[in-house]
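A.B. asks: Sharing a structure with you now.
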Amino acid sequence: MRILAIETSCDETGIAIVEAKLTRTLPKQINVLSNALVSQAALHAQFGGVFPSVARREHGKNIIPLLVHALKEAKMLKKLKTPRKLDKKEERQLAKIFNKEAELFTVLKESLLSSRIPKIDAIAVTSGPGLEPALWVGINTAEGLGALWGVPVIPVNHMEGHIVAALMALVPKKKSAYTLKPTQYPSLALLISGGHTELVLMPSAGKYKMLGQTRDDAVGEAFDKVARMLGLAYPGGPEVSRLAEKAPEGQKLSAPLPRPMLKSDDYDFSFSGLKTSVLYAIKKFESLDDRDRELIAKDFEDSVTEVLVAKTLRAAKQYKVKEIILGGGVTANKKIRKTFETTVARELSGTSLFIPDVHLSGDNGLMIGVAALLRRKTKKHIKAQGTLHLAKPVTKTLAELRKKK
Ligand code: KG4
Ligand code: ZN
């Protein structure tokens with residue numbers, strides 16, 4: 000089966016083409032025919048965060064050229080002697096799909112009608128969670144391609160994509176083939192990204208139970224905001240981490256930052272107060288020198304790491320899980336990776352720990368394609384779902400509680 004996957008949930012446009020022989024269990028090998036990505040991070044850096052309308056505009060600009068690039072890389076763009084013409088029915092159907100994106104439709108026609116229909120069995124697309132205006136660009140393109148090529152569309156949950164990314168292992172000596180690590184259940188996933196902080200129990204393959212989530216800011220969001228306070232660029236995670244690494248061993252902030260909800264008897268998180276504590280710590284200094292900034296960055300990173308590790312391990316022990324999976328952009332963080340590795344080895348020696356390779360930790364089309372290979376559930380008329388959950392949360396977020404009042 001060959002799948003073309005599209006990811007546009009935030010500020011990366013990702014297109015991947017993957018192929019695998021389907022089996023009843025996991026596919027033995029997944030060949031990556033293309034894995035293309037355009038990041039808008041540099042553009043959003045000037046605003047210090049992602050603006051949904053700007054993200055949508057940029058996805059709209061980038062998606063078809065990226066698609067053409069991916070098809071060329073996979074050697075699947077074969078020129079026709081005479082360009083294909085859409086009949087009236089096809090034209091109407093596609094115009095309806097691209098109702099709000101006439102320009103995207105024009106570029107799609109110009110770019111693809113002069114080529115043969117590629118040998119693709121399905122289109123996969125992220126349907127949520129994410130920024131809805133950004134998600135719609137991917138969904139409309141996916142449905143448009145589905146209609147143009149006569150293939151079904153598979154909606155993919157972005158967070159499931161992040162979980163799958165942790166299970167992917169490069170086949171030795173090959174640059175573009177992966178195997179999937181065999182999974183054992185129950186399994187526990189900690190998902191940490193710019194928009195999410197979730198602890199999810201997986202009793203069996205593809206089944207999820209939300210144990211806890213952030214009540215306010217996501218971890219990645221907290222990294223980004225703290226970066227801004229320290230005068231660092233967006234995305235802030237890698238910047239804060241680089242600064243923290245410069246802090247001298249053994250030296251600590253005179254008044255350490257809090258470890259929010261470390262001891263709470265649930266699996267929820269909260270990072271908004273920690274961010275405010277960073278602000279107070281900054282204000283305490285009359286003039287902040289480089290060393291002070293390094294120590295603040297380090298204590299912030301330590302606090303986040305301590306809370307994430309402690310709660311994940313507590314849940315792992317309570318539910319006697321056989322493996323722990325980390326997913327999402329924040330898993331690129333060296334301190335978090337290392338601390339999980341050493342603590343799991345020390346305290347839960349029989350439990351496997353899966354962390355995505357750093358090149359697969361952020362958003363990408365490949366993880367969406369592989370997640371689609373595993374689920375293969377097609378759908379007509381997909382809707383963007385900004386707050387799509389893997390499972391119904393057991394506890395409400397503060398925002399939800401406030402809304403109810
Ligand atoms: O999963 P992702 O690429 O996009 C979302 O789905 O949100 O995650 C992006 C987040 C950003 O907040 C970014 O600052 C954070 O991941 N991030 C990091 C690191 N690299 C990226 N956070 C901490 N340390 C890093 N090295
Ligand atoms: Zn993500």
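Numbering follows numbering that gives the first Met the number 0, with no gaps: position 371 of the sequence shown is 370. All C-beta atoms in this analysis are idealised placements derived from N, C-alpha and C, irrespective of residue type, glycine included.
Can you tell me which of I281, T311, R214 and T304 puts its alpha carbon nearest to the alpha carbon of S271?
C.D. replies: Here the closest residue by C-alpha is R214.
A.B. asks: Does the Cβ-Cβ distance between C9 and G160 come in under 8 Å?
C.D. replies: Not closer than 8 Å, so no.
A.B. asks: Taking 6 Å as the limit between beta carbons, can you name the residues of its chain near W148, skipping five residues before and five after?
C.D. replies: Result list for W148: I116, in chain order.
A.B. asks: Is the beta carbon of S192 within less than 7 Å of some heavy atom of the ligand ZN?
C.D. replies: S192 Cβ: within cutoff of the ligand ZN.
A.B. asks: Determine the direct distance from the alpha carbon of L144 to that of T342, and round the result to whole angstroms.
C.D. replies: Approximately 46 Å, taken between the alpha carbons.
A.B. asks: Looking at the strands, I want to know which residues DSSP matches up with M201.
C.D. replies: According to DSSP, which records beta bridges pairwise, M201 is partnered with S186.
A.B. asks: Would you kindly check if the distance between the Cβ of I2 and the Cβ of G372 is under 8 Å?
C.D. replies: Checking the displayed sequence, the identity of residue 372 turns out to be Leu instead of Gly. Yes.
A.B. asks: Rank S113, N98 and G327 by C-alpha distance to the C-alpha of V136 and give the top, closest one.
C.D. replies: The residue with the shortest Cα to Cα distance from V136 is N98.
A.B. asks: Here's the rule: buried if 16 or more other CB atoms are within 10 angstroms of the residue's CB, otherwise exposed. What is D406?
C.D. replies: Residue coverage of the chain in this structure runs from 0 to 404, which leaves residue 406 outside it and unanswerable.
A.B. asks: Kindly indicate if chain D contains any beta-carbon less than 8 Å away from that of I2.
C.D. replies: Note that chain D does not occur in the displayed structure, where there is just one protein chain.
A.B. asks: Given a threshold of 16 other Cβ atoms within 10 Å of its Cβ, counted over all protein chains shown, does L261 qualify as buried or as exposed?
C.D. replies: Counting Cβ neighbours within 10 Å, L261 comes out exposed, since fewer than 16 surround it.
A.B. asks: Comparing the CB of G328 with every heavy atom of the ligand ZN, is any distance shorter than 7 Å?
C.D. replies: Yes.
A.B. asks: Rank D291, S269 and F268 by C-alpha distance to the C-alpha of Y279 and give the top, closest one.
C.D. replies: Closest option to Y279, Cα to Cα, is D291.
A.B. asks: What do you get for E248, buried or exposed, if any count of 16 or more other CB atoms within 10 angstroms of its CB means buried?
C.D. replies: By the neighbour-count rule (16 or more Cβ atoms within 10 Å), E248 is not buried but exposed.
A.B. asks: What are the boundary residues of the alpha helix (DSSP H) that includes F104?
C.D. replies: First-last of the alpha helix (DSSP H) with F104: A101 to L111.
A.B. asks: Which complete alpha helix (DSSP H) runs does the region 225 to 276 hold, if anything under 4 residues is left out?
C.D. replies: Fully enclosed alpha helix (DSSP H) runs of 4 or longer: 235 to 245.
A.B. asks: Can you check which of these residues, P64, T22, G47 and H43, is closest to A54 by C-alpha distance?
C.D. replies: With distances taken between Cα atoms, A54 lies closest to H43.
A.B. asks: For L107 and L312, I'd like the C-alpha separation in whole angstroms.
C.D. replies: Using only the alpha carbons, I get a separation of about 48 Å.
A.B. asks: Mind checking who S38 pairs with in its DSSP beta bridge?
C.D. replies: In DSSP, S38 forms a bridge with E11.
A.B. asks: Is there at least one non-hydrogen atom of the ligand ZN closer than 7 Å to the beta-carbon of H380?
C.D. replies: H380 Cβ: outside cutoff for every heavy atom of the ligand ZN.
A.B. asks: In whole angstroms, give me the CA-to-CA distance for Q45 and A133.
C.D. replies: Cα to Cα, the separation comes out at about 19 Å.
A.B. asks: When DSSP builds the beta bridges, which residues end up paired with A167?
C.D. replies: One point to set straight first is that residue 167 is Met, not Ala, in the sequence displayed. Note: M167 sits in a beta bridge opposite L179.
A.B. asks: For L231, which residues from the same chain have a beta carbon less than 6 Å from its beta carbon, with the 5 sequence-adjacent residues on both sides left out?
C.D. replies: For L231, where only same-chain residues beyond five positions count, the Cβ hits under 6 Å are E238.
A.B. asks: If L85 and L76 are in contact, beta carbons under 8 Å, what's the gap, nearest whole angstrom?
C.D. replies: The Cβ separation is near 18 Å, so there is no contact.
A.B. asks: Name the DSSP bridge partner or partners of F353?
C.D. replies: DSSP lists I324 as partners of F353.
A.B. asks: Just to check, is the beta-carbon of N156 closer than 7 Å to a non-hydrogen atom of the ligand KG4?
C.D. replies: No, since every heavy atom of the ligand KG4 falls outside the 7 Å radius drawn around the Cβ of N156.
A.B. asks: Between G326 and A309, what straight-line distance do the alpha-carbon atoms span, to the nearest angstrom?
C.D. replies: Cα to Cα, the separation comes out at about 17 Å.
A.B. asks: Just checking H161 against the ligand ZN - is the residue's beta carbon closer than 7 Å to any of the ligand's heavy atoms?
C.D. replies: At least one heavy atom of the ligand ZN is nearer than 7 Å to the Cβ of H161, so yes.
A.B. asks: May I have the straight-line CA-CA distance separating V150 from A123, to the nearest angstrom?
C.D. replies: Each residue's Cα considered, the two are about 10 Å apart.
A.B. asks: Provide the residue(s) that pair with R1 in DSSP beta bridges, ordered along the chain.
C.D. replies: E18.
A.B. asks: Ordered along the chain, which non-local residues of its own chain (more than five positions away) have a Cβ less than 6 Å from that of A331?
C.D. replies: So the qualifying residues of the chain are V357 and S360.
A.B. asks: Taking all protein chains shown into account, decide if F284 is buried (16 or more other Cβ within 10 angstroms of its Cβ) or exposed.
C.D. replies: F284 comes out exposed.
A.B. asks: Tell me which residue opens and which closes the alpha helix (DSSP H) that V306 is part of.
C.D. replies: Run containing V306: D289 to Q317, per the alpha helix (DSSP H) assignment.
A.B. asks: Is it the case that the Cβ atoms of A217 and G194 are separated by a distance below 8 Å?
C.D. replies: It is a contact, given that the beta carbons lie within the stated cut-off.
A.B. asks: What residues match up with S33 in a beta bridge as DSSP calls it?
C.D. replies: DSSP, once it has assigned bridges, lists I16 as partnering S33.
A.B. asks: Return yes when the C-beta of D10 is under 7 Å from any heavy atom of the ligand ZN, and no when it is not.
C.D. replies: No, the Cβ of D10 stays beyond 7 Å of every heavy atom of the ligand ZN.
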